[in-house]
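A.B. asks: If you're matching them up, the sequences are chains A and B in order. The first sequence begins at 4 in our numbering and counts up by one. The second sequence begins at 13 in our numbering and counts up by one. Sending over a structure as structure tokens; questions will come in a sec.
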Amino acid sequence: MKRCAKCSQKAVVYLPHHRIALCKEHYIEWFERRVERTIREFRMFSKDDRVLVAVSGGKDSLSLWHALHRLGYQADGLYINLGIGEYSKLSEEKAKKFAQSLGRTLHVIRLKDVVEDIPTLKEMEKRPACSVCGNLKRYYMNKSAKELGFSVIATGHNLDDESATLMGNVLSWNLGYLQRQYPVLKEGNGFVKKVKPLCLITEKESALYALLSNIDFVEEECPYSVDASSIEYKLLLSQIEEKSPGTKLRFYLEFLRKIQPLLKREEKLELKPCSICGEPTSADVCTVCRLKQRLTLSEKGQGS
Amino acid sequence: MKLRVQYRGRELELEFEGDKVKAKDLLKAMNLSREYAFVVVNGEVVEEDFYIREGDQVRVINAISGGQG
Ligand SMILES: [Zn+2]
Ligand SMILES: [Zn+2]
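Structure (structure tokens):
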């Protein structure tokens with residue numbers, strides 16, 4: 004039996020790449036300290052900032068919100084209901100219940116009310132559901148944060164998400180994406196600052212924190228995400244990690260330390276306010292407004 | 013023995029020889045790695061060598077998710 008490194012009680016969690024075993028109480032403390040240190044190290048935000056957490060109802064976003072709240076940050080949530088049947092219903096329920104237990108506000112947007120639900124959009128658009136969905140989530144996240152007066156948006160992206168994305172971007176040497184792959188995206192040009200406080204936390208660590216903190220999170224997967232290539236990369240990385248613990252963390256951190264600075268030579272992407280909604284875009288009309296236009300056209304087409 | 017396992021909002025039924033099974037063998041049977049998955053028995057996270065017996069309340073958490081956020 005392993006014992007907690009802090010109090011020598013029975014350990015419930017062993018973290019191979021940190022070579023440390025911890026009891027429940029000290030694991031929760033370890034997790035929150037690691038999140039706090041990440042926030043400080045990357046200068047994400049301070050206790051004076053109003054932080055809007057992008058909440059999906061899954062373990063990462065709820066763990067993030069929970070940790071921020073316990074660390075004394077002013078964090079409220081934004082839930083975007085994608086209109087994906089039972090999955091969306093269940094995740095909204097869990098997000099709402101969780102907000103209540105924290106005593107913080109959860110803002111809710113229904114895609115069906117502002118544009119259209121994902122199943123309908125997937126039918127209409129000729130690109131993967133995840134791409135349409137990600138596009139809309141980023142748009143409404145940014146727009147709502149500004150309207151509601153938040154200075155920072157925090158998302159639950161974890162180390163597995165980041166290292167899998169990194170792997171994908173490296174395999175195709177996608178310099179544009181690599182340039183922007185940083186846990187902090189500065190504000191400006193109509194964008195609110197965006198941060199990823201769980202970027203050094205693995206997916207398993209996040210699930211363990213949620214479980215040990217009695218957080219009721221959605222375990223079901225989004226029915227559209229099952230074939231996502233990011234899962235393939237996560238599985239590959241986990242095989243390497245199993246043989247040499249610490250690989251994922253090193254892969255990501257050394258990228259941030261050694262490669263990212265070399266890519267900083269930012270190509271100046273000309274952004275201007277969308278002529279319809281005012282959100283930043285490189286074209287005259289932003290992708291979401293163009294999507295809405297196509298939607299109106301196809302509805303008219305159906306009506307006649 | 014038969015084991016009912018809560019997994020991603022569903023209940024699976026798995027069959028094992030003998031009257032107990034190690035948590036790591038359960039993960040193996042489900043084709044999951046301890047890198048991203050773990051076993052919860054009667055509400056407690058258990059070690060890999062923990063023996064699960066018939067009648068235990070078992071939940072397996074697979075932390076890997078595809079959607080971002
Ligand atoms: Zn302890
Ligand atoms: Zn627009």
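Just so it is clear, CB atoms sit at the ideal spot from N, CA and C, and this is done for glycine as well. Just so it is clear, the structure is predicted and the values come from calculations on it, not from any experiment.
Under the criterion of a Cβ to heavy atom distance below 7 Å, does residue 29 of chain A qualify as lining ligand 1?
C.D. replies: Yes, Cβ of residue 29 of chain A sits closer than 7 Å to a heavy atom of ligand 1.
A.B. asks: Ignore the nearest five residues each way along the sequence and tell me which others in residue 30 of chain B's own chain have a CB closer than 6 Å to its CB.
C.D. replies: Excluding sequence neighbours, residue 30 of chain B sits near nothing in its chain.
A.B. asks: Give the residues of chain A in contact with residue 63 of chain B, contact being defined as C-beta atoms less than 9 Å apart.
C.D. replies: The contacting residues do not exist; residue 63 of chain B stays about 13 Å from chain A at best.
A.B. asks: Report the partner residues of residue 283 of chain A according to the DSSP bridge assignment.
C.D. replies: Its beta-bridge partners are A:276.
A.B. asks: Can you find the residues in the same chain that come closer than 6 Å, C-beta to C-beta, to residue 16 of chain A, ignoring five residues on each side of it along the sequence?
C.D. replies: The residues are 25, 30 and 211.
A.B. asks: Name the chain B residues whose beta carbon is nearer than 9 Å to that of residue 42 of chain A?
C.D. replies: Here the premise fails: no neighbours, minimum Cβ distance about 18 Å.
A.B. asks: Is it buried or exposed, residue 262 of chain A, if we count other Cβ atoms within 10 angstroms and call 16 or more buried?
C.D. replies: That one is exposed.
A.B. asks: How would you list, in chain order, the residues of chain B whose beta-carbon sits under 9 Å from the beta-carbon of residue 209 of chain A?
C.D. replies: The answer, in chain order, is 75.
A.B. asks: Is residue 279 of chain A near ligand 2 - that is, is its Cβ less than 7 Å away from at least one heavy atom of it?
C.D. replies: At least one heavy atom of ligand 2 is nearer than 7 Å to the Cβ of residue 279 of chain A, so yes.
A.B. asks: Closer than 7 Å to a non-hydrogen atom of ligand 1 - does that hold for the CB of residue 99 of chain A?
C.D. replies: No, Cβ of residue 99 of chain A sits at least 7 Å from all heavy atoms of ligand 1.
A.B. asks: For residue 68 of chain A, count neighbouring C-beta atoms within 10 Å of its own C-beta (all shown protein chains included) and say buried if the count is 16 or more, exposed if not.
C.D. replies: Answer is buried; the Cβ neighbour count reaches 16.
A.B. asks: Any beta carbon of chain A sitting closer than 8 Å to that of residue 21 of chain B?
C.D. replies: Closer than 8 Å: yes.
A.B. asks: Could you list the residues in the segment 35-62 of chain A with a C-beta less than 9 Å from some C-beta on chain B, going in chain order?
C.D. replies: Within the segment 35-62 of chain A, the residues whose Cβ lies closer than 9 Å to some Cβ of chain B are 57, 58, 59, 61 and 62, listed in chain order.
A.B. asks: If you run the structure through DSSP and keep just helix, strand and coil, what is residue 171 of chain A?
C.D. replies: Looking at residue 171 of chain A - three-state DSSP - the assignment turns out to be helix.
A.B. asks: Taking only beta carbons into account, state which residues of the segment 28-56 of chain B come closer than 9 Å to chain A, listed in chain order.
C.D. replies: Residues passing the 9 Å Cβ filter: 45, 46, 47, 48, 49, 50, 52 and 56.
A.B. asks: Report the rounded CA-to-CA distance for residue 80 of chain B versus residue 6 of chain A, giving the unit in angstroms.
C.D. replies: Bear in mind that a pLDDT of 46 at residue 80 of chain B, under 50, signals an unreliable position, so the number given afterwards is only what the model happens to contain. So the two alpha carbons sit approximately 34 Å from each other.
A.B. asks: Look at the alpha carbon of residue 157 of chain A and the alpha carbon of residue 38 of chain B, and state the distance between them as a whole number of angstroms.
C.D. replies: About 36 Å.
A.B. asks: Taking the CB atoms as reference points, tell me whether residue 81 of chain A and residue 57 of chain A lie closer together than 8 Å.
C.D. replies: It is a contact, given that the beta carbons lie within the stated cut-off.
A.B. asks: Give a yes or no on whether 8 Å exceeds the smallest Cβ distance from residue 6 of chain A to chain B.
C.D. replies: No, residue 6 of chain A lies away from the interface with chain B (no Cβ there is under 8 Å from its Cβ).
A.B. asks: For residue 223 of chain A, return the contacting residues in chain B, with the cut-off set at a CB-CB distance below 9 Å.
C.D. replies: Those are 20, 21 and 22, listed as they occur along chain B.
A.B. asks: Exposed or buried, what is residue 243 of chain A when buried is set at 16 or more other beta-carbons lying within 10 Å of its beta-carbon?
C.D. replies: The residue in question, residue 243 of chain A, is exposed, as its Cβ has fewer than 16 Cβ neighbours within 10 Å.
A.B. asks: Which of helix, strand or coil does DSSP assign to residue 107 of chain A?
C.D. replies: Coil at residue 107 of chain A, not helix or strand.
A.B. asks: Mind listing the chain B neighbours of residue 119 of chain A? Cutoff is C-beta to C-beta under 8 Å, in chain order.
C.D. replies: Those within 8 Å of residue 119 of chain A in chain B number zero; the least Cβ separation is about 19 Å.
A.B. asks: Look at residue 48 of chain A and residue 70 of chain A and say whether their C-beta atoms are less than 8 Å apart.
C.D. replies: For residue 48 of chain A and residue 70 of chain A, no; Cβs fall outside 8 Å.
A.B. asks: Does the beta-carbon of residue 18 of chain A, which I'm using as the reference point, lie nearer than 7 Å to any heavy atom of ligand 1?
C.D. replies: Because no heavy atom of ligand 1 lies under 7 Å away, the Cβ of residue 18 of chain A does not count as near it: no.
A.B. asks: Please report the distance separating the alpha-carbon of residue 112 of chain A from that of residue 12 of chain A.
C.D. replies: Approximately 45 Å, taken between the alpha carbons.
A.B. asks: Measuring only the C-alpha atoms, how far is residue 61 of chain A from residue 95 of chain A?
C.D. replies: Taking the straight line joining both Cα atoms gives about 10 Å.
A.B. asks: Taking the alpha-carbon positions, what's the residue 205 of chain A to residue 44 of chain A distance?
C.D. replies: Each residue's Cα considered, the two are about 18 Å apart.
A.B. asks: For a cutoff of 8 Å on Cβ pairs, would you count residue 214 of chain A as touching chain B?
C.D. replies: For residue 214 of chain A, the answer is yes, since a Cβ of chain B falls inside 8 Å of its Cβ.
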